[in-house]
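Residue numbers (the working numbering), protein chains in the order written: chain A, 516 to 781; chain B, 744 to 1590.
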């Protein structure tokens, strides 16, 4: 395994802008009196080369947070900056192109186009961008995720864990500034989940990627450098160098608190 | 292009099967109608009789109008119901032209043997000079000499068969009179059936329309070209007749061609337009459904960086890959359909047998082009949602469907609804044949409304219909089905729309017909009050028959009924209607035909030739009342303006226009009575009277009043059949589309079914749930479809018959049962297929 960065050194690139920065981001669903605030003022900066897990009880706004940060959704107010550049005001087309080249995605499921081979799926972002397709790099990435032999297979012929590993390779093909992962291990067994998390960790350590991962699994969160806790649309705390037990304890406390407000939290 | 579309089509052809089938069928229908339309436009008949006469002069076979339309002067034409003839005086004028070697008048009329000569078949009577047309160069018969007055030349084969030889006497009846003739000679057989030739002057009188001939065939002098000859002839006729050369001579020979072309153009054009719209409608619906089912795929593409444009292009490319292949395959069944349809039209006498189906490239190109355009439109419409949405919405929406359709959609739906209502009101003012086509337009409008408002309507229907299911009668499966259908209103709408389409199309077309048929039968039953009806096994009864019948002891009155047609103008449309030419004393007409006079008096009919009685609803649509003059084209195109002396109730099925026989007899091809209606004097013995009536002519048949209806209106018979075929074609198409859509929606639920089974639902319960859902779909579809059909039918039925639509319970039940069975089968079979896979595979399967 390649060299490992100091986990503590998340503020290492202090000179440059953070990989992703949120300034007073709010997001409301619906309008008027019936509007539901999914995010109520989130301020946050994540350094390059960091691995951050985002946790929170159901309805805490984790998914909305991820979608706003990744340019999949637009905040109601506030700003999102990617590598110092504001993306909140970009047109849908500019935003799409930005996602294509500077952001990688790994979803819980349905990551791959069933009609394309594994290799073609990895190359999909470049294909959509109309760029030259870097097959050698795709092949290298597939080797990194342990699927060098499976490039010509179809997604349907792979297991769920293997499919997620293909999705990671695809997320990395454009050397994005940030990789967003939404419950990437949600549909996997423990062993496959471990492999996928190891790969994300390695992407941070060996390739200098920045990873933001939404999860509800304390074990998955413990692979990150830092865990951010969300409740009712706001950041309510963080944990550096997390271990599964302390993450689980914090979650218990948050869930209990949220339970007290049941009916208010959406 | 980035090749995603191609990869998609190649990798998962199964998910395109639904769209493929819809495109294929659409192309088939368009090809079939296109081929009929093209045949109607290009139809021609090779001249046989006039093959050696380069120029033929005849009457114009169309009634024509011109009016100021939106694009300047527009014109309309309508085929005349009888042959349009030329003045015989023109013959001499044409013959006087320097380039003309001979101008031969041509006449044909039916001739029947009377009494002793009964062994002869029905003959075509001709003038002897016309014999030169088919036997060039000979002006004498094969045997014997040319006929003088009181003589005939008989065709050899017919004479032999009847054991007749020159010198024998025959008794012959023609429209213009009967008489005894000596056979002066025998002639060779004719291509178009056995003939008998009379001296020219005699023939003109016997034809029933002295002073006119069917056509004048012109032969040139040596060295005169056809165009030069035609030019000279045109000068001679001076616009009083049509001058035909080339294949146009065939149309003169076969006057039914004009009407046949009208039928073909009507089917191919009007019905074809509706069918094409239906096909496009179905194709768009199916493709939109197929694309909607792949929402997750597009959401993922959006998230990883596909622009809205790229999604649209991918979907458009898929359409362009799919449509031409599907359409090309659809051309074959389309041609088969056209062939069958055309064959039937020929068999039923709607199109002359000499015409052949014209299978050109144009209909096929139109079919392929329309399919590609429809597929592109469908792709564009369906791609708007996945392309426009933000990817986060897309990811969310893929799982949960949107709550309600957009405002634009609702507004458009309501507009279509209003349009349908307005059009239905308009259709009420039309007559039978036009009503069917307008009705289809009305149905199309309502269908569009259903498609647009589908999710709302579906939710409404299933909420109501689902109540009993939820109430536990149907158990777990039933309540699941009720919940599913309510929650998935959009999916449900896709399944319901085609069922609505089947019901609405079939219901409207079939029940318009049953309504007309019922009203006609009812009218005939009430109107025909004659004690005896004298009919004929041959072409008809000569005028003298009615007079002779009146003299039979025990007969109080005898009225001859000559059936013909007329053309009238209503607004800027030309329509044709049935005319009864009545002989005898019109005051006695109510004794044999009780028409239910509303205004005026029938006894005034015949006070002069210039009188007419009209069916009340026809009078209304013409905007005339008793005392007014009404412009009409008689059967041969002669324009008349008779005075309306009465209007009557029971025209539909009986005859919508009543005129004195004398006024129409000279304007029909064969002035023979279809029937003679006889009322018996009080106390007369019906059997004796009937026997004496039957003795009047060897071809006569005698029946009671019920016999009047037997001679059904040929036009009505034909339009009834045409409507049934249209219903079958549209209904069949919609049925396949419905099955197609249902199968697609069921197969799309692999995951759901897998999850249900994982959570302990048994096969039986799954099947039960699907069955209940199918029943809900069928019931909702039938409900909406019947509502559309009813809304369309009521104004039309009111306009045609003045009563509510007549819907035979048996037919309606069959239609409903068909729709239910269709829904059950199209849901049940794919459900079985789904249940064959292991639940764990199905539950975790990617859609």
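Each residue gets a CB set at the ideal place from its N, CA and C atoms; glycine is no exception. Since this is a predicted model, take the numbers as computed values, not measurements.
Taking the alpha carbon of residue 1096(B) as the reference point, which residue from 1047(B), 994(B), 1195(B) and 1018(B) has its own alpha carbon closest?
The residue given as residue 1096(B) occupies position 353 in the second chain. Checked all of 1047(B), 994(B), 1195(B) and 1018(B); the closest Cα to residue 1096(B) is 994(B).
Under DSSP, the alpha helix (DSSP H) around residue 849(B) begins and ends at which residues?
Stepping through the second chain from its first residue, residue 849(B) is reached at position 106. Run containing residue 849(B): none in the alpha helix (DSSP H); it sits in the beta strand (DSSP E), 843-849.
Identify whether residue 543(A) lies in helix, strand or coil by the three-state DSSP scheme.
Here residue 543(A) refers to the residue found at position 28 of the first chain. Three-state DSSP puts residue 543(A) in a strand.
If you draw a straight line from the C-alpha of residue 961(B) to the C-alpha of residue 798(B), how long is it?
On the second chain, position 218 is the one that residue 961(B) refers to. On the second chain, position 55 is the one that residue 798(B) refers to. C-alpha separation (whole angstroms): 5 Å.
Could you tell me whether the Cβ atoms of residue 869(B) and residue 931(B) are closer together than 8 Å?
Counted from its first residue, the second chain places residue 869(B) at position 126. Counted from its first residue, the second chain places residue 931(B) at position 188. Going by C-beta atoms, residue 869(B) is not nearer than 8 Å to residue 931(B).
Assign residue 777(A) to buried or exposed, taking buried as 16 or more other Cβ atoms, counted over all protein chains shown, within 10 Å of its Cβ.
Counting from 1 along the first chain, the entry for residue 777(A) is found at position 262. Any answer about residue 777(A) is weak, because its pLDDT of 41 lies below 50 and its placement is not dependable; what the coordinates show is given next. The residue is exposed, with fewer than 16 neighbouring Cβ atoms inside 10 Å.
Strictly below 8 Å CB to CB, what residues from chain B border residue 644(A)?
By 1-based counting over the first chain, the position of residue 644(A) is 129. Within chain B, the residues near residue 644(A) are 1048.
Does any residue of chain A bring its CB to less than 8 Å from the CB of residue 1061(B)?
In the second chain, the residue the question calls residue 1061(B) occupies position 318. It does not: the Cβ of residue 1061(B) has no partner Cβ on chain A nearer than 8 Å.
With burial defined as no fewer than 16 other Cβ atoms inside 10 Å of the residue's Cβ, what is the status of residue 531(A): buried or exposed?
As a position in the first chain, residue 531(A) is number 16, starting the count at 1. Looking at its Cβ environment, which holds fewer than 16 other Cβ atoms inside 10 Å, residue 531(A) is exposed.
Can you give me the C-alpha to C-alpha distance between residue 1347(B) and residue 1530(B), rounded to a whole angstrom?
Locating residue 1347(B) in the second chain gives position 604, counting from the first residue. Locating residue 1530(B) in the second chain gives position 787, counting from the first residue. Going from the Cα of residue 1347(B) to the Cα of residue 1530(B) covers about 46 Å.
If you draw a straight line from the C-alpha of residue 674(A) to the C-alpha of residue 703(A), how long is it?
Locating residue 674(A) in the first chain gives position 159, where the first residue counts as 1. Locating residue 703(A) in the first chain gives position 188, where the first residue counts as 1. Near 10 Å, if we compare the C-alpha coordinates of residue 703(A) and residue 674(A).
Any residues in the region 593-616 of chain A with a beta carbon nearer than 8 Å to a beta carbon of chain B? Which ones, in chain order?
So the close ones are 607, 608, 611, 612, 614, 615 and 616.
Look at the alpha carbon of residue 780(A) and the alpha carbon of residue 590(A), and state the distance between them as a whole number of angstroms.
The residue you call residue 780(A) lines up with position 265 of the first chain. The residue you call residue 590(A) lines up with position 75 of the first chain. Low local confidence applies: a pLDDT of 36 at residue 780(A) is under 50, so the model's placement there is unreliable, with the coordinate-based value given in what follows. Going by the C-alpha atoms only, they are around 19 Å apart.
Please say whether residue 788(B) and residue 1002(B) have beta carbons closer to each other than 8 Å?
Here the question's residue 1002(B) lines up with position 259 in the second chain. Here the question's residue 788(B) lines up with position 45 in the second chain. Contact: no.
Taking residue 631(A) as the query, report the chain B residues whose CB atoms sit under 7 Å from its CB, ordered along the chain.
Against the first chain, residue 631(A) aligns to sequence position 116. The contacting residues are 750.
Output, in sequence order along the chain, the residues in the region 565-596 of chain A whose CB is closer than 8 Å to any CB in chain B.
Result list: 582, 587, 588 and 589.
Please list the partners that residue 1516(B) has in chain A, where partner means a Cβ-to-Cβ separation under 9 Å.
Residue mapping note: residue 1516(B) aligns to position 773 of the second chain, counting from 1. Here the premise fails: no neighbours, minimum Cβ distance about 26 Å.
Identify every residue that forms a DSSP beta bridge with residue 1318(B).
Along the second chain, read from residue 1 onward, the residue named residue 1318(B) stands at position 575. Residue 1318(B) pairs with 1311(B).
Excluding the 5 residues preceding and the 5 following residue 1010(B) in the sequence, name in chain order all residues of the same chain whose CB lies nearer than 6 Å to its CB.
Stepping through the second chain from its first residue, residue 1010(B) is reached at position 267. Only 779 meet the Cβ criterion.
Are residue 1129(B) and residue 1027(B) touching if we call contact CB-CB under 8 Å?
In the second chain, counting from the first residue as 1, residue 1129(B) sits at position 386. In the second chain, counting from the first residue as 1, residue 1027(B) sits at position 284. Taking 8 Å as the Cβ cut-off, residue 1129(B) and residue 1027(B) do not qualify as a contacting pair.
Taking Cβ-Cβ distances shorter than 9 Å, what residues in chain A pair up with residue 1051(B)?
For the purposes of this step, residue 1051(B) is identified with residue 308 of the second chain, where counting begins at 1. In chain order: 607, 608 and 611.
Give me, in chain order, the residues of the same chain whose beta-carbon lies closer than 6 Å to that of residue 1029(B); leave out the 5 immediate sequence neighbours on both sides.
Taking the first residue of the second chain as position 1, residue 1029(B) is located at position 286. Closer than 6 Å at Cβ, skipping near neighbours: 761, 762 and 765.
With C-beta atoms as the reference, is residue 1123(B) less than 8 Å away from residue 1059(B)?
Counting from 1 along the second chain, the entry for residue 1123(B) is found at position 380. Counting from 1 along the second chain, the entry for residue 1059(B) is found at position 316. Cβ atoms of residue 1123(B) and residue 1059(B): closer than 8 Å.
Please report the residue range of the beta strand (DSSP E) in which residue 862(A) lies.
Because chain A spans 516 through 781 in this model, residue 862(A) falls outside it and cannot be assessed.
For residue 1487(B) and chain A, any beta-carbon pair shorter than 8 Å?
Within the second chain, the letter at position 744 stands for residue 1487(B). Not an interface residue.
So, does the CB of residue 626(A) fall closer than 8 Å to a CB anywhere in chain B?
For the purposes of this step, residue 626(A) is identified with residue 111 of the first chain, where counting begins at 1. Yes - at least one Cβ of chain B is within 8 Å of the one on residue 626(A).
For residue 775(B) versus residue 1080(B), is the C-beta distance shorter than 8 Å?
Indexing the second chain from 1 puts residue 775(B) at position 32. Indexing the second chain from 1 puts residue 1080(B) at position 337. Cβ atoms of residue 775(B) and residue 1080(B): closer than 8 Å.
If you compare alpha carbons, which of 842(B), 857(B) and 837(B) is closest to residue 848(B)?
Position 105 of the second chain, counted from the start, is the residue given in the question as residue 848(B). Of the listed residues, the one whose Cα sits closest to residue 848(B) is 837(B).
Quick one: does residue 640(A) have its CB under 8 Å from some CB of chain B?
As a first step, residue 640(A) must be located in the first chain, where it is residue number 125. With 8 Å as the cut-off, residue 640(A) counts as an interface residue toward chain B.
Looking only at DSSP bridge pairs, what is residue 636(A) linked to?
Position 121 of the first chain, counted from the first residue, corresponds to residue 636(A). Paired residue(s): none; residue 636(A) is not in a bridge.
Rounded to whole angstroms, how far is the Cβ of residue 992(B) from the Cβ of residue 790(B), which I believe are closer than 8 Å?
In the second chain, residue 992(B) corresponds to position 249, counting from 1. In the second chain, residue 790(B) corresponds to position 47, counting from 1. About 4 Å; that satisfies the 8 Å criterion.
Need the endpoints of the beta strand (DSSP E) that residue 568(A) sits in, please.
One-based indexing of the first chain puts residue 568(A) at position 53. Looking at the DSSP string, the run of the beta strand (DSSP E) that includes residue 568(A) is 566-570.
State the start and end residues of the unbroken beta strand (DSSP E) segment that holds residue 807(B).
Residue numbering aside, residue 807(B) sits at position 64 when the second chain is read from its first letter. Here the beta strand (DSSP E) through residue 807(B) covers 805-812.
Check each residue of the region 1032-1047 of chain B: if its Cβ is closer than 9 Å to any Cβ of chain A, include it; give the result in chain order.
Against chain A - using a Cβ distance shorter than 9 Å - the residues of the region 1032-1047 of chain B are 1039, 1040, 1042, 1043, 1044, 1045, 1046 and 1047.
Compare the C-beta of residue 744(A) against all C-beta atoms of chain B and say whether one is closer than 8 Å.
Indexing the first chain from 1 puts residue 744(A) at position 229. No, no contact with chain B.
Taking residue 1325(B) as the reference, give the member of 1339(B), 1369(B), 1419(B) and 1249(B) with the closest Cα.
By one-based count along the second chain, residue 1325(B) stands at place 582. Ranking the options by Cα distance to residue 1325(B), first place goes to 1419(B).
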